[in-house]
Structure formats: C-alpha cells, structure tokens
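Structure record follows, encoded as structure tokens.
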Amino acid sequence: MASTLEILRRLNQHEVEYVLVGGMAGVLYGSSLVTEDVDVCASFEPKNLARIVSALGDLNPRHRMNPNHPPMDLNAVELAGFKNLYLITDLGQIDLLSEISGVGSYPEVSRYSIAANLKGLVCKVLDLDRLIRARRAVGRPKDLQAAAELEVIRRRLKGQATK
Amino acid sequence: MVMKAGGWESSDASYEQARQAALDFGIDLSITDYLLTLTPEQRLERHDQALELVTALRQAGMDYYGFDPRNPPQTEPARS
C-alpha cells in the first residue's frame with residue numbers, strides 16, 4: 524500500500540538526515556507522473572545508517588534489485604559498503620541514495636533543498652532547479668519526460684513570481 | 124503570463140516552447156494545470172491514491188495472465 528507520508532514520518536522520527544528527491548519530490552511540485560518508490564538522498568555516515576536501520580528495521584526491508592529479495596542486513600557497518608540502497612518494505616519501496624547525479628552527495632543536496640510542510644511533517648525537498656538538473660543528468664527517457672514537465676512548472680512559477 | 128478561466132496564457136515564447144516539449148513527451152498538461160491548483164500535501168495524497176489504483180490494476184493483470192505482463196516469460200523458439 525502506498526504510504527509516502529508514513530515512510531517520511533518514520534525517517535523523521537528516527538532523525539534520519541535525508542532529502543526527498545526523484546519522482547515524489549516532483550509530485551510535491553505538481554508533476555502528474557506516478558512513481559512507485561520514495562527516493563531520498565541520505566548521508567551514508569555510520570551514525571545516519573544506524574538511524575536508517577532504526578527507522579526501517581521493523582518494516583521487513585528487503586533488497587529490491589536482488590531477484591531473491593534478501594532481507595536488508597540490519598548492521599550499519601555492513602550497509603556502509605553500499606553506495607545506494609534499493610529497498611522494498613511493508614510500507615512500499617524506498618531508495619536511499621548517497622549522491623544525486625548533477626547535484627552531488629548529501630551535503631550538496633541538502634544545501635539545495637527547501638523545507639516542505641506536509642500535514643505537520645516537515646521534510647527537506649530538493650529545490651526545483653536542481654531536481655530538473657538531476658533528471659537531465661540521469662537522462663533516461665522517463666527522466667527527460669519528468670524534466671520536461673517540471674520545466675513547465677518552473678517557468679509557470681517564475682511567471683507568477685514576477686507578476 | 125496571466126491566468127484565465129480554463130487555464131494559463133503566456134506571451135513568453137520560452138514558456139510555450141517548454142509546454143510544447145512536455146506535450147511532445149506525452150504529458151497531459153491539463154492534469155498538471157489541475158495539480159498546480161492543489162497544495163503539496165493534496166498532490167501527495169492524490170498521487171498515493173493513484174499509485175494504489177495502479178498497483179491494484181497491475182495485480183489484476185498478473186492474476187489474469189498468470190505472470191507480470193511487463194515481463195512475460197521467455198518461450199523457447201519452436202524447433203523445426
């Protein structure tokens with residue numbers, strides 16, 4: 524069952540350092556494209572990995588890219604060997620990325636984020652300019668499609684701001 | 124750019140180019156127009172409802188075919 528807010532709430536409750544990126548960030552800006560996973564850029568420092576383990580550990584996390592979907596090793600030291608984590612959980616899919624194409628690693632992504640308030644849940648979201656840049660940098664057809672729609676939204680917002 | 128009943132109008136050529144590029148990608152900008160009238164949390168709620176529908180339809184497809192139609196099983200070519 525889709526539960527984006529619940530996943531973000533979990534991350535907040537466990538003080539995970541993350542920035543919402545990808546398709547779900549696009550949704551917040553007004554994109555009409557449906558995405559199946561919650562993409563976040565997160566710090567892969569051991570302290571933050573331990574928080575991620577705490578946040579997701581009881582949600583039956585499994586590695587999505589492995590055909591056998593093995594359970595996520597709940598050892599933060601082991602997870603430090605990963606650059607990205609692509610997970611399925613009981614609340615849905617979540618991708619934890621240590622860096623974002625066209626933007627950089629977590630500190631840069633965090634610097635270019637804005638705060639979004641979602642029903643009292645405050646989370647960082649990659650700003651629209653960098654979100655478009657990231658989509659173009661990845662360059663798959665679906666990313667270019669998403670970037671094209673976000674570009675319309677950006678220009679519209681810019682037009683509203685200058686009126 | 125001005126908002127008019129039924130949508131937006133713009134004299135900005137680059138905005139029109141951006142719209143055309145999105146249309147060329149198959150984006151239905153009438154939906155985007157609508158979503159921009161909502162708050163971010165309303166957009167998220169609407170998205171998650173749409174995703175639930177997609178998931179249910181996908182499951183129905185798998186139940187019907189017996190496999191995921193996005194990844195149909197490979198069949199051996201007939202031997203002559």
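Quick note, the sequences are listed as chains A and B, same order.
Heads up: take any position in the first sequence, counting from 1, add 523, and you land on my numbering.
Heads up: take any position in the second sequence, counting from 1, add 123, and you land on my numbering.
Yeah, the Cβ is synthetic: ideal placement off N, Cα and C, and Gly gets one too.
From a predicted model like this one, the values you see are computed outputs, not experimental measurements.
Check: Note down, in chain order, all residues in the region 629-651 of chain A with a beta-carbon under 7 Å from any beta-carbon belonging to chain B.; Outcome: A639, L641 and K642
Check: So, is the C-beta of M547(A) closer than 9 Å to a C-beta in chain B?; Outcome: yes
Check: Could you compute how far the alpha carbon of I623(A) sits from the alpha carbon of Y629(A)?; Outcome: 8 Å
Check: Roughly how many angstroms separate the alpha carbons of I655(A) and G625(A), rounded to a whole number?; Outcome: 9 Å
Check: Measure the C-alpha to C-alpha separation of R166(B) and G189(B) and round it to an integer number of angstroms.; Outcome: 34 Å
Check: Report buried or exposed for H592(A), applying the criterion of at least 16 other Cβ atoms within 10 angstroms of its Cβ.; Outcome: exposed
Check: If I measure Cβ to Cβ from P569(A) and keep anything under 8 Å in the same chain, skipping five residues before and after, which residues do I get?; Outcome: A599, V600 and A603
Check: Counting along the chain, where does the alpha helix (DSSP H) carrying I575(A) start and finish?; Outcome: P569 to L579
Check: Would you mind telling me which residues of chain A sit closer than 8 Å to Y266(B), beta carbon to beta carbon, in chain order?; Outcome: Any question about residue 266(B) goes unanswered here, given that chain B covers just 124 to 203.
Check: Following the continuous beta strand (DSSP E) through A565(A), name the residue where it begins and the one where it ends.; Outcome: D560 to A565
Check: Could you give the residue range of the alpha helix (DSSP H) that holds I154(B)?; Outcome: L152 to L158
Check: Counting along the chain, where does the beta strand (DSSP E) carrying D618(A) start and finish?; Outcome: G615 to L620
Check: Compare the C-beta of M524(A) with all C-beta atoms of chain B and state if any pair is closer than 9 Å.; Outcome: Confidence at M524(A) is low in this model, with a pLDDT of 44, below 50, so its placement is unreliable and no value can be given for it.
Check: In this structure, does DSSP put K606(A) in helix, strand or coil?; Outcome: coil
Check: List the residues of chain B that G662(A) touches, going by C-beta distances under 9 Å, in chain order.; Outcome: Ordered by position in chain B, no residue passes the 9 Å Cβ test against G662(A), which lies about 14 Å from the chain.
Check: Helix, strand or coil: how does DSSP classify G553(A) here?; Outcome: coil
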